[in-house]
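Student: Going by my numbering, the first residue of the sequence shown is number 92, and it counts up by one from there.
Please find one structure pasted underneath; my questions will follow.
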Amino acid sequence: MANILILGGGFGGLVTAERLAESIDKSQHQITLVSPNMNFTFYPALVHLAFGECDEGDITFDLRAKLEGIGVRFVHGQFIRLEPHKKTARIAGDDLNGDIAYDYVVLAIGRRLATEHTPGFFENASHLLGVRAAKNFGDKVRDFTDGTIVVGSCPDGRLPVPVCETAFALARRFEAEMGDGSVRIKVIFPESLQAAFGGATLHKELESAFQHHGINVLYDVPISEITAEQVLSSDGHAIDYDLLMLVPPFRGQAILGELGITDEHDFVKVDGQMRIHDLEKGYAVGDIVAFSGPKFAHMAVRQADVAATNIAAEIEGRAPTAEYYHEIAAVIDAGGPDSIFLHYGIWDDEMYRLKKGHVWSWAKDLHDKVWRARHN
Ligand SMILES: Cc1cc2nc3c(=O)[nH]c(=O)nc-3n(C[C@H](O)[C@H](O)[C@H](O)COP(=O)(O)OP(=O)(O)OC[C@H]3O[C@@H](n4cnc5c(N)ncnc54)[C@H](O)[C@@H]3O)c2cc1C
92 MANILILGGG
102 FGGLVTAERL
112 AESIDKSQHQ
122 ITLVSPNMNF
132 TFYPALVHLA
142 FGECDEGDIT
152 FDLRAKLEGI
162 GVRFVHGQFI
172 RLEPHKKTAR
182 IAGDDLNGDI
192 AYDYVVLAIG
202 RRLATEHTPG
212 FFENASHLLG
222 VRAAKNFGDK
232 VRDFTDGTIV
242 VGSCPDGRLP
252 VPVCETAFAL
262 ARRFEAEMGD
272 GSVRIKVIFP
282 ESLQAAFGGA
292 TLHKELESAF
302 QHHGINVLYD
312 VPISEITAEQ
322 VLSSDGHAID
332 YDLLMLVPPF
342 RGQAILGELG
352 ITDEHDFVKV
362 DGQMRIHDLE
372 KGYAVGDIVA
382 FSGPKFAHMA
392 VRQADVAATN
402 IAAEIEGRAP
412 TAEYYHEIAA
422 VIDAGGPDSI
432 FLHYGIWDDE
442 MYRLKKGHVW
452 SWAKDLHDKV
462 WRARHN
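What follows is the structure in structure tokens.
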């Protein structure tokens, strides 16, 4: 019998659990998932939540009910230490305070919002990387009447899609006010658009979409500090704002530091089969992984597929052979004909496909609904 322990209940953890539950004999092996959250949250819909286009109940579901329904044990708690020599994980939480033994462990604990790297972020900036934060930002948008709205990303904030989608949603919300000049929208990136999207050359299409919506986009603004009125950069920019939404810097989880499996930003180093360097029977998937470029849910899902396939092979005594390929497949929903679909190979820039049109806005909406219905 093998015990498979999955730490984290986001896209990476959930899909690893689902794929394993489909592919191994659950009367012989046990799959356990540990999460500090009782709910799964469909993050790509948080921009819609902020703008009142859906409710919290539409984009979250009960993890315990979902997992128990597919024969996976759910533990409400958080892992605080891994003991690779004993093959145990120390868990603290409602369901358990103690150790869980494992034969295989999957780290799927996502990224940390490292706001401490940008002085003034906590005091002055909004973000939308969680249900509560998205709702708070939505409240501020509803109360906003006139002035300059700045949305953007701090250095290492590896999530360009919601920056763009927030700017487009704001432009739709304040169309009349932008017309009479009482509201202005600026988007700032710490680097070029190409760098923000892992090397994909979509700047012409995205710039024309921003221009079409009256949005002013600024590149190479590496935010270094935020005051109550201005965003300051290490290159000398001082940008006034009245409402501010930023993606903070991302880091991995410091809790893993002592294991010697992480890079300088605490992300976990893995090979192409999603196996952790220097951690026997250890796999990692999702935002916690030390791959280059932006971090996307569809990457977490594909990495989870690879990890689950390889664990199932190992359990059956076969060599793991599934390989992950690092690519972007994303829709930037501009809410109309400027919506963009991008398919780009980060490890091979010959794979490049870009399409534009209203259909991509509908397709993203439909895909999100189908994904939530299928996994709920
Ligand atoms: C606003 C927004 C919009 C987005 N839009 C898109 C999009 O359009 N397309 C796209 O592909 N991606 C998008 N993403 C990115 C996508 O949501 C992430 O890449 C994805 O959630 C990563 O999945 P994950 O499982 O690695 O991490 P997460 O989903 O962050 O899950 C990690 C889980 O681990 C848990 N955890 C943390 N610490 C511990 C611990 N010590 N013990 C146990 N559990 C722990 C957390 O509570 C969490 O449940 C968006 C993200 C946001 C925030």
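Even glycine gets a Cβ: it sits at the ideal position worked out from N, Cα and C.
On the three-state DSSP scale, how would you describe Gly-348?
Tutor: Looking at Gly-348 - three-state DSSP - the assignment turns out to be helix.
Student: Since I believe Gln-344 is in contact with Ala-413 (beta carbons under 8 Å), could you give me their beta-carbon distance rounded to a whole number of angstroms?
Tutor: Going by Cβ atoms, the distance from Ala-413 to Gln-344 rounds to 25 Å, so no, they are not a contact pair.
Student: Taking its Cβ as the centre, do 16 or more other Cβ atoms sit within 10 Å of Met-92, making it buried, or is it exposed?
Tutor: Result: exposed.
Student: State buried or exposed for Gln-394, treating a residue as buried only when at least 16 other CB atoms are found within 10 Å of its CB.
Tutor: So Gln-394 ends up on the buried side.
Student: For Ala-465 and Ala-329, I'd like the C-alpha separation in whole angstroms.
Tutor: Correcting the residue type first, residue 465 is Arg in the shown sequence and not Ala. Approximately 46 Å, taken between the alpha carbons.
Student: Would you check whether ligand 1 has a heavy atom nearer than 7 Å to the C-beta of Phe-341?
Tutor: Checking every heavy atom of ligand 1 against the Cβ of Phe-341, none is found closer than 7 Å.
Student: Using only the heavy atoms of ligand 2, determine whether one of them is closer than 7 Å to the beta carbon of Phe-387.
Tutor: In terms of ligand content, the structure shown lacks ligand 2 and carries ligand 1 instead.
Student: Thinking Lys-157 and Phe-133 are a contact (beta carbons under 8 Å), I'd like their distance in whole angstroms, please.
Tutor: Not really, about 12 Å apart at Cβ, beyond 8 Å.
Student: Can you give the Cα-Cα distance for Asp-185 and Gly-99, rounded to whole angstroms?
Tutor: For Asp-185 and Gly-99, the distance between alpha carbons rounds to 15 Å.
Student: Looking only at C-alpha atoms, which of Val-274, Cys-245, Leu-250, Phe-213 sits nearest to Ala-319?
Tutor: Looking at the Cα atoms, Phe-213 is the closest of the given residues.
Student: Can you give me the C-alpha to C-alpha distance between Leu-141 and Asp-153, rounded to a whole angstrom?
Tutor: The residue asked about is misnamed: residue 141 is Ala in this sequence, not Leu. Near 21 Å, if we compare the C-alpha coordinates of Asp-153 and Ala-141.
Student: Quick check on Phe-415: does DSSP put it in helix, strand or coil?
Tutor: A small fix is needed here, since residue 415 is Tyr in this sequence, not Phe. Of the three classes helix, strand and coil, the one that applies to Tyr-415 here is coil, per DSSP.
Student: Below 7 Å, is the gap between the Cβ of Ala-421 and the nearest heavy atom of ligand 1?
Tutor: Yes, since a heavy atom of ligand 1 falls inside the 7 Å radius drawn around the Cβ of Ala-421.
Student: Shorter than 7 Å, the distance from the beta carbon of Gly-125 to the closest heavy atom of ligand 1, or not?
Tutor: Before going on, a small fix: residue 125 reads as Val here, not Gly. Yes, ligand 1 has a heavy atom inside 7 Å of this Cβ.
Student: Hey, would you say Ala-425 sits closer than 8 Å to Ala-300, going by beta carbons?
Tutor: In this structure, Ala-300 lies closer than 8 Å to Ala-425 by Cβ.
Student: Give the list of continuous beta strand (DSSP E) stretches no shorter than 3 residues that lie fully inside the segment 284-315.
Tutor: Taking only runs of at least 3 residues, the beta strand (DSSP E) segments lying wholly in the segment 284-315 are 307-309.
Student: Quick one: using the 10 Å Cβ neighbour count with 16 as the cut-off for buried, is Val-308 buried or exposed?
Tutor: The residue is buried, with at least 16 neighbouring Cβ atoms inside 10 Å.
Student: What residues match up with Phe-131 in a beta bridge as DSSP calls it?
Tutor: Phe-131 is bridged to Phe-152.
Student: What did DSSP end up calling Phe-341 once you bin it into helix, strand or coil?
Tutor: It is a strand residue.
Student: So, do the segment 255-274 and the segment 377-395 have three or more beta carbon pairs nearer to each other than 8 Å?
Tutor: Flag = no, the segment 255-274 and the segment 377-395 do not touch.
Student: DSSP beta-bridge partners for Leu-204?
Tutor: BP columns for Leu-204 point to Phe-341.
Student: Figure out for me which residue from Ser-273, Ala-224, Tyr-332, Ser-325 has the closest Cα to the Cα of Asp-55.
Tutor: Summary: the structure shown does not reach residue 55, with the chain confined to residues 92 through 467, and so no result is reported for it.
Student: For ligand 1, I want to know if Asn-128 counts as a neighbour, meaning its beta carbon is within less than 7 Å of at least one of the ligand's heavy atoms.
Tutor: Asn-128 Cβ: within cutoff of ligand 1.
Student: What does DSSP give as the partner residue(s) for Met-470 in the beta ladder?
Tutor: Because residue 470 is not part of the residues shown, which for the chain are 92 to 467, the question remains open.
Student: Going straight from the alpha carbon of Ala-147 to that of Gly-104, what length do you get?
Tutor: The sequence given here has Glu at residue 147, not Ala. Straight-line Cα distance between these residues: approximately 21 Å.
Student: So is the beta-carbon of Leu-261 under 7 Å away from any non-hydrogen atom of ligand 1?
Tutor: No.
Student: Indicate the three-state DSSP secondary structure (helix, strand or coil) for Leu-96 in the structure shown.
Tutor: The answer is strand: DSSP assigns Leu-96 an E or B state.
Student: Counting C-beta neighbours from all protein chains within 10 Å, is the total for Val-461 16 or more, i.e. buried, or is it exposed?
Tutor: Val-461 comes out exposed.
Student: Is Gln-364 near ligand 1, in the sense that its beta carbon is under 7 Å from a heavy atom of that ligand?
Tutor: False, no ligand heavy atom lies under 7 Å from that Cβ.
Student: Measure the C-alpha to C-alpha separation of Glu-159 and Leu-173 and round it to an integer number of angstroms.
Tutor: Roughly 25 Å between the two C-alpha positions.
Student: Nearest by alpha-carbon distance to Glu-349: which of Phe-341, Ala-192, Leu-370, Val-361 is it?
Tutor: It is Leu-370 whose Cα lies nearest to the Cα of Glu-349.
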